[in-house]
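Trainee: A single structure is presented below for examination.
Numbering (this note's numbering), first residue to last: 139 to 516.
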């Protein structure tokens with residue numbers, strides 16, 4: 139879920155320089171200059187003010203900056219260094235770019251540290267669940283270490299600069315039906331897709347909300363669901379568990395549903411750093427193998443998810459009105475004795491398209507939504 143960290147490794151000076159540059163970009167850059175940086179169907183990076191979340195337009199403007207390139211990574215190569223997500227599009231401001239890159243690299247180090255601490259926590263939980271009473275120190279096994287090393291070395295993370303302008307008809311805290319035709323939200327309810335998110339929030343305007351509920355043995359009492367505003371502590375960063383961590387932990391780590399409200403008079407800035415796996419990484423429940431015949435795999439709640447495919451389909455849903463809003467629930471293993479055969483067929487089609495995607499789509503080239511439409515529609 140959500141938690142906050144203090145005394146972290148991200149320098150105060152780095153954060154201040156970055157946030158100053160972010161605010162200047164949104165307030166001082168002309169609409170014409172922003173339009174020159176706009177993302178499109180074959181480049182998910184750059185400026186945009188028309189994103190869809192679950193097919194509803196958000197009240198925000200953003201600039202996305204990601205790891206430059208795939209196998210070869212070079213911040214200086216700019217638009218010549220591409221990958222599945224596309225190519226970075228910086229304004230012609232060296233100070234701005236320097237502040238963003240320095241902040242990005244600090245987040246990379248912190249994200250790796252957090253992922254390893256999460257893994258240690260998961261190992262402790264697994265030890266308790268299996269009623270292991272030995273007093274040996276809990277350590278990460280070779281398979282987990284290898285996965286974390288690969289996540290660190292091949293991650294495809296991106297940093298999003300968010301600006302939420304004042305909204306004449308703001309969304310209200312008590313408004314539960316965000317999918318109605320009522321006032322717009324900064325971002326509609328959604329789950330973060332990657333492994334974890336490091337979020338820098340405004341101290342003066344608190345609009346991020348997380349859905350909390352009473353959960354006993356995975357049976358949710360919908361009547362007790364409520365939206366809770368995340369109040370950032372001074373100097374703290376907000377951390378959010380993503381979909382890939384939920385699959386990897388076999389559902390122990392929960393990716394929380396969250397949203398952003400609008401405000402009638404106050405503008406808000408935030409900067410989430412999405413720590414995402416390598417495009418070719420198969421994310422599967424920890425402790426399972428690539429074989430479907432082992433006892434451990436019988437305990438896995440999820441099929442293996444290829445991040446590159448999941449990311450491409452999610453982008454299509456955010457960018458267009460034809461891409462499916464893919465969720466990790468699509469990867470939940472189906473009990474054929476209990477579920478409808480139609481659901482089983484839909485999941486098999488998803489897994490087939492994922493396998494076909496890996497074979498056909500080069501990860502060192504920008505993904506083209508239109509060209510690969512047949513692989514991303516449900």
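Backbone N, C-alpha and C define an ideal beta-carbon position, used for all residues, glycine too.
Please read all numbers here as calculations on a predicted model, not as lab measurements.
In angstroms, rounded to a whole number, what distance separates the CA positions of residue 237 and residue 447?
Mentor: Start at 1 with the first residue of the chain shown, and residue 237 comes out as number 99. Start at 1 with the first residue of the chain shown, and residue 447 comes out as number 309. The straight-line gap from Cα to Cα measures roughly 31 Å.
Trainee: Around the Cβ of residue 341, are there at least 16 other Cβ atoms within 10 angstroms (buried) or fewer (exposed)?
Mentor: What you label residue 341 is simply residue 203 of the chain shown in a count that begins at 1. Exposed, because fewer than 16 other Cβ atoms sit within 10 Å of the Cβ of residue 341.
Trainee: Report the option in 241, 414, 400 whose CA atom is closest to the CA atom of residue 147.
Mentor: In the chain shown, residue 147 corresponds to position 9, counting from 1. Nearest of 241, 414, 400 to residue 147, Cα basis: 241.
Trainee: How would you label residue 141, buried or exposed, when you count the other beta carbons within 10 angstroms and need 16 or more for buried?
Mentor: Residue numbering aside, residue 141 sits at position 3 when the chain shown is read from its first letter. The residue in question, residue 141, is exposed, as its Cβ has fewer than 16 Cβ neighbours within 10 Å.
Trainee: Could you pull the DSSP bridge partners for residue 199 from this structure?
Mentor: The residue you call residue 199 lines up with position 61 of the chain shown. Looking at the DSSP assignment, residue 199 forms a beta bridge with 301.
Trainee: Can you give the Cα-Cα distance for residue 277 and residue 178, rounded to whole angstroms?
Mentor: As a first step, residue 277 is located in the chain shown; it is residue number 139 there, counting from the start. As a first step, residue 178 is located in the chain shown; it is residue number 40 there, counting from the start. Between residue 277 and residue 178, the C-alpha separation is close to 45 Å.
Trainee: Threshold first: 4 residues or longer. Then list the alpha helix (DSSP H) segments lying entirely within the segment 141 to 216, N to C.
Mentor: Fully enclosed alpha helix (DSSP H) runs of 4 or longer: 150 to 166, 169 to 174.
Trainee: Using the DSSP secondary-structure output, state which residues sit across from residue 420 in a beta bridge.
Mentor: In the chain shown, the residue the question calls residue 420 occupies position 282. Residue 420 is bridged to 444.
Trainee: Look at residue 334 and residue 378 and say whether their C-beta atoms are less than 8 Å apart.
Mentor: For the purposes of this step, residue 334 is identified with residue 196 of the chain shown, where counting begins at 1. For the purposes of this step, residue 378 is identified with residue 240 of the chain shown, where counting begins at 1. Yes.
Trainee: Flag this pair as touching only if the segment 367 to 374 and the segment 161 to 169 have three or more C-beta atom pairs under 8 Å; answer yes or no.
Mentor: In short, these stretches do not touch, since the Cβ pair count stays below three.
Trainee: Below 8 Å, how does it come out for the segment 224 to 238 and the segment 247 to 262: are there three or more Cβ pairs, yes or no?
Mentor: Touching, no.
Trainee: Measure the alpha-carbon distance for residue 199 versus residue 365 and round it to whole angstroms.
Mentor: If you number the chain shown from 1, residue 199 lands on position 61. If you number the chain shown from 1, residue 365 lands on position 227. Spanning the two alpha carbons is a distance of roughly 24 Å.
Trainee: Between the segment 401 to 410 and the segment 276 to 291, are three or more C-beta pairs nearer than 8 Å?
Mentor: The segment 401 to 410 is not in contact with the segment 276 to 291.
Trainee: Grab the span of the beta strand (DSSP E) containing residue 295 for me, first residue to last.
Mentor: Taking the first residue of the chain shown as position 1, residue 295 is located at position 157. Where residue 295 is concerned, there is no enclosing beta strand (DSSP E), given that its DSSP letter is neither H nor E.
Trainee: Please tell me whether residue 397 and residue 327 are closer than 8 Å, where the distance is taken between their beta carbons.
Mentor: For the purposes of this step, residue 397 is taken as residue 259 along the chain shown, with counting starting at 1. For the purposes of this step, residue 327 is taken as residue 189 along the chain shown, with counting starting at 1. In contact: residue 397 and residue 327 (Cβ atoms closer than 8 Å).
Trainee: If you draw a straight line from the alpha carbon of residue 339 to that of residue 376, how long is it in whole angstroms?
Mentor: Along the chain shown, read from residue 1 onward, the residue named residue 339 stands at position 201. Along the chain shown, read from residue 1 onward, the residue named residue 376 stands at position 238. Going from the Cα of residue 339 to the Cα of residue 376 covers about 8 Å.
Trainee: Would you mind stating whether residue 411 and residue 249 have Cβ atoms separated by less than 8 Å?
Mentor: Translated into positions along the chain shown, residue 411 becomes position 273. Translated into positions along the chain shown, residue 249 becomes position 111. Yes, the Cβ-Cβ distance between residue 411 and residue 249 is below 8 Å.
Trainee: Determine the direct distance from the alpha carbon of residue 413 to that of residue 421, and round the result to whole angstroms.
Mentor: The residue labelled residue 421 in the question sits at position 283 within the chain shown. The residue labelled residue 413 in the question sits at position 275 within the chain shown. Each residue's alpha carbon lies about 14 Å from the other.
Trainee: Report the three-state DSSP secondary structure of residue 226 (helix, strand or coil).
Mentor: As a working note, residue 226 is residue 88 in the chain shown. Residue 226 falls in the coil class under three-state DSSP.
Trainee: Just verifying my parser: in three-state terms, what is the DSSP assignment at residue 483?
Mentor: Looking up residue 483 in the chain shown gives position 345. In this structure, residue 483 counts as helix in the three-state DSSP scheme.
Trainee: Residue 400: which of 323, 344, 246, 493 sits nearest, CA to CA?
Mentor: Numbered from 1 along the chain shown, position 262 holds the residue referred to as residue 400. Ranking 323, 344, 246, 493 by Cα distance to residue 400 puts 323 first.
Trainee: Sorted by chain position, which residues of the same chain lie with C-beta nearer than 8 Å to residue 506's C-beta, five sequence neighbours on each side aside?
Mentor: On the chain shown, residue 506 is found 368 positions in, with the first residue counted as 1. These residues qualify, in order along the chain: 179, 180.
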